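Scroll down for the structure; my scribbles are underneath it.
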Amino acid sequence: MQAAWTYDSAGRNLHPIDEAARRLMGITSEPLGESRIAPPLTTGYEAEPNDAVETGRPRLVSLHAVPEASVGTRGALDSLADRTYDEPAPGESRLEQEERLLEHERREHELREHELREHQLREQELRAHELREHQMREREMREHELREHQRREQELVERERELRAQQAREQARQLEQASAPEARGVAHHPTVALPREEEPPNSGGKPKPKAKSRRASVPSWDEILFGATRGDES
Numbered sequence: 001m002q003a004a005w006t007y008d009s010a011g012r013n014l015h016p017i018d019e020a021a022r023r024l025m026g027i028t029s030e031p032l033g034e035s036r037i038a039p040p041l042t043t044g045y046e047a048e049p050n051d052a053v054e055t056g057r058p059r060l061v062s063l064h065a066v067p068e069a070s071v072g073t074r075g076a077l078d079s080l081a082d083r084t085y086d087e088p089a090p091g092e093s094r095l096e097q098e099e100r101l102l103e104h105e106r107r108e109h110e111l112r113e114h115e116l117r118e119h120q121l122r123e124q125e126l127r128a129h130e131l132r133e134h135q136m137r138e139r140e141m142r143e144h145e146l147r148e149h150q151r152r153e154q155e156l157v158e159r160e161r162e163l164r165a166q167q168a169r170e171q172a173r174q175l176e177q178a179s180a181p182e183a184r185g186v187a188h189h190p191t192v193a194l195p196r197e198e199e200p201p202n203s204g205g206k207p208k209p210k211a212k213s214r215r216a217s218v219p220s221w222d223e224i225l226f227g228a229t230r231g232d233e234s
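All letters in the sequence shown, in the order written, are residues 1 to 234 by UniProt numbering.
Written out as structure tokens, the structure reads:
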């Protein structure tokens, strides 16, 4: 049976099946009175007739026309209310219609499971990303603490080295002050070179007398006891 898409006087689309159903329900599609017919709209152009009308195509009805029990749990998908179902084709049995609805429910269930798995995967990836960031922050914190500890140790070593050098300089200065003559209580007299005695000129060809030794003589007991000298004895 070919579908003929026509319109009645009230602007409603007519289908042979719909027209038969209206006729069985006592609804007529006869033209209404002139007072109830709205004036036609003037668009300024005429619609071109479409000769290539598809035949045998089932109509689409809204999801709200399908019973709640046939679509499963509502609200699982936000866009589920915007979906449509195919109207049973002419000659389709009730069993085939139920099978088609069950197939649609199965596809919706698979879609919900797929979206649930994707949501779980996104949650796992988010938790793994947060865990990696937490581990990275902990590693950076440990590295910062290690660098601070090494810097403090280096400062302590440098301070100790500087203190030891200062102590060594202080000890050297004290030793230098202790070794000075004034520190020992000895008067420091500068060494003065005495002028040499002038020798008389050698006259008459006499040999020059031998100079007596200026070695200090050791006093004898007579000199010590009686005050006599060797020059007096002679």
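Ideal placement from N, C-alpha and C gives every residue a C-beta, glycine not left out.
Nothing here was measured: the structure is a model prediction, and the numbers come from that model.
Alpha-carbon to alpha-carbon, residue j and residue i
| i | j | result |
| --- | --- | --- |
| ARG112 | GLN97 | 22 angstroms |
| LEU175 | GLN167 | 12 angstroms |
| SER179 | HIS144 | 53 angstroms |
| ARG107 | ARG117 | 15 angstroms |
| ARG22 | HIS114 | 43 angstroms |
| SER93 | LEU126 | 49 angstroms |
| GLU105 | LEU95 | 15 angstroms |
| GLU123 | GLU130 | 10 angstroms |
| ARG151 | VAL157 | 10 angstroms |
| ALA20 | ILE27 | 10 angstroms |
| LEU146 | HIS109 | 55 angstroms |
| ALA172 | ARG164 | 12 angstroms |
| GLU148 | GLU170 | 33 angstroms |
| ARG132 | ARG139 | 10 angstroms |
| VAL218 | LEU225 | 14 angstroms |
| ARG142 | ARG159 | 26 angstroms |
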